[in-house]
Amino acid sequence: SENKYFGSVGQCPPLPKGDLNYDIFMGYPEMFAWDKKRCVAYVSNLYNATVSTWDPYKSVVLDTIHFPGLSHAGNSASPNPLHASGIILRPDAYHAETLEVVIDNGDAFYSDGFNVSGPDHLMSIDLKTKEVTSQLRLNNGLYAGYADASLGPDGNTYVLGTYSSNILRVTPDKEISTFYVAEPLGPPRLYGFTGIAHVGDA
Numbered sequence: 205s206e207n208k209y210f211g212s213v214g215q216c217p218p219l220p221k222g223d224l225n226y227d228i229f230m231g232y233p234e235m236f237a238w239d240k241k242r243c244v245a246y247v248s249n250l251y252n253a254t255v256s257t258w259d260p261y262k263s264v265v266l267d268t269i270h271f272p273g274l275s276h277a278g279n280s281a282s283p284n285p286l287h288a289s290g291i292i293l294r295p296d297a298y299h300a301e302t303l304e305v306v307i308d309n310g311d312a313f314y315s316d317g318f319n320v321s322g323p324d325h326l327m328s329i330d331l332k333t334k335e336v337t338s339q340l341r342l343n344n345g346l347y348a349g350y351a352d353a354s355l356g357p358d359g360n361t362y363v364l365g366t367y368s369s370n371i372l373r374v375t376p377d378k379e380i381s382t383f384y385v386a387e388p389l390g391p392p393r394l395y396g397f398t399g400i401a402h403v404g405d406a
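Numbering (my numbering), first residue to last: 205 to 406.
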């Protein structure tokens with residue numbers, strides 16, 4: 205079903221008072237992005253590597269996006285311990301056309317940073333069709349543990365990693381570069397950054 209507030213750009217009504225229930229099997233919510241164009245939220249489900257569209261006014265999940273070959277049942281750490289983590293809207297929350305989601309290798313966390321081999325991906329989704337338009341491999345085998353992402357004022361996506369602390373910069377043309385990495389690269393790799401946000405023009 206569709207949210208009845210769709211199309212009221214920037215005019216989403218206040219959320220209901222009290223508790224809001226996010227109820228979906230194996231839906232351990234990791235990150236949340238509020239779409240001010242459609243008045244819905246996108247939630248990354250950590251342990252099964254999926255993303256759900258959630259209507260908080262009714263406390264119902266409208267749909268769930270599964271990524272072929274990446275999403276899984278979520279009831280076991282193996283053989284496919286992929287996570288869904290960082291999530292952002294492009295070009296912004298008021299005019300959202302594209303959803304970007306980080307799908308990361310959970311074993312980087314289960315192994316305390318010893319396994320940084322990946323795979324780790326940045327997925328792009330067309331919000332009109334809910335189809336995947338891009339799947340970008342992030343990992344270089346030296347550092348990983350990707351856990352969050354933020355859209356910078358320069359239009360680039362910044363993906364944050366935990367082992368060792370690192371930030372990747374992804375341009376709109378899907379070119380990847382390392383914006384920051386803490387040395388030594390290890391192992392052992394210290395538990396590092398876990399969240400990212402930009403302030404002003406920073």
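Here a beta-carbon is modelled for each residue, glycine too, at the ideal position from N, C-alpha and C.
Remember, it's a predicted structure, so these values are computed and weren't measured experimentally.
Quick one: what's got a C-beta closer than 8 Å to residue i's C-beta in the same chain, skipping five residues either side?
| i | result |
| --- | --- |
| Asp296 | Leu355 |
| Glu335 | Ile329 |
| Asn249 | Ile228, Met230, Gly231, Tyr232, Pro233, Glu234, Val255, Ser256, Thr268, Gly278 and Ala288 |
Helix, strand or coil for residue i, going by three-state DSSP, please let me know.
| i | result |
| --- | --- |
| Glu387 | coil |
| Leu192 | One cannot answer for residue 192 here, as it falls past the ends of the chain, which runs 205 to 406. |
| Asp352 | strand |
| Glu379 | coil |
| Tyr367 | strand |
| Gln339 | strand |
| Met235 | strand |
| Arg393 | coil |
| Asp330 | strand |
| Val374 | strand |
| Thr398 | coil |
| Tyr362 | strand |
For residue i, which residues from the same chain have a beta carbon less than 7 Å from its beta carbon, with the 5 sequence-adjacent residues on both sides left out?
| i | result |
| --- | --- |
| Asp311 | Pro285 and Asn319 |
| Leu224 | Pro260 and Ser263 |
| Ile269 | Thr254, Val255, Ile329 and Lys334 |
| Gly275 | It is worth fixing the name first, because residue 275 is Ser in this sequence and not Gly. Once the five neighbours on either side are set aside, the close Cβ partners of Ser275 are Asn252, Ala253 and Thr254. |
| Gly359 | Pro376 |
| Trp238 | Ala245 and Ala297 |
Does the Cβ of residue i have 16 or more other Cβ atoms within 10 Å, making it buried, or fewer, making it exposed?
| i | result |
| --- | --- |
| Phe236 | exposed |
| Tyr384 | exposed |
| Val403 | exposed |
| Ala348 | buried |
| Gly365 | buried |
| Asp150 | A question about residue 150 goes unanswered here, because the residues of the chain that appear run from 205 up to 406. |
| Asp377 | exposed |
| Phe229 | exposed |
| Ala351 | buried |
| Tyr314 | exposed |
| Arg341 | exposed |
| Thr361 | buried |
| Tyr367 | buried |
| Ser381 | exposed |
| Ala277 | exposed |
Leaving out the 5 sequence neighbours to the left and right, which residues in its chain are closer than 6 Å to residue i when beta-carbon positions are compared?
| i | result |
| --- | --- |
| Gln339 | His325 and Met327 |
| Thr302 | Arg294 and Ser328 |
| Leu346 | Leu389 |
| Gly399 | Asp352 |
Continuous beta strand (DSSP E) assignments of at least 3 residues falling wholly in the stretch 282 to 321: 286 to 294 and 302 to 309
- request: May I ask you to verify whether the stretch 252 to 260 touches the stretch 286 to 294, counting CB pairs closer than 8 Å and requiring at least 3?
  value: yes
- request: At 3 residues or longer, and completely inside the stretch 242 to 277: list those beta strand (DSSP E) runs for me, N to C.
  value: 244 to 249, 254 to 259 and 264 to 270
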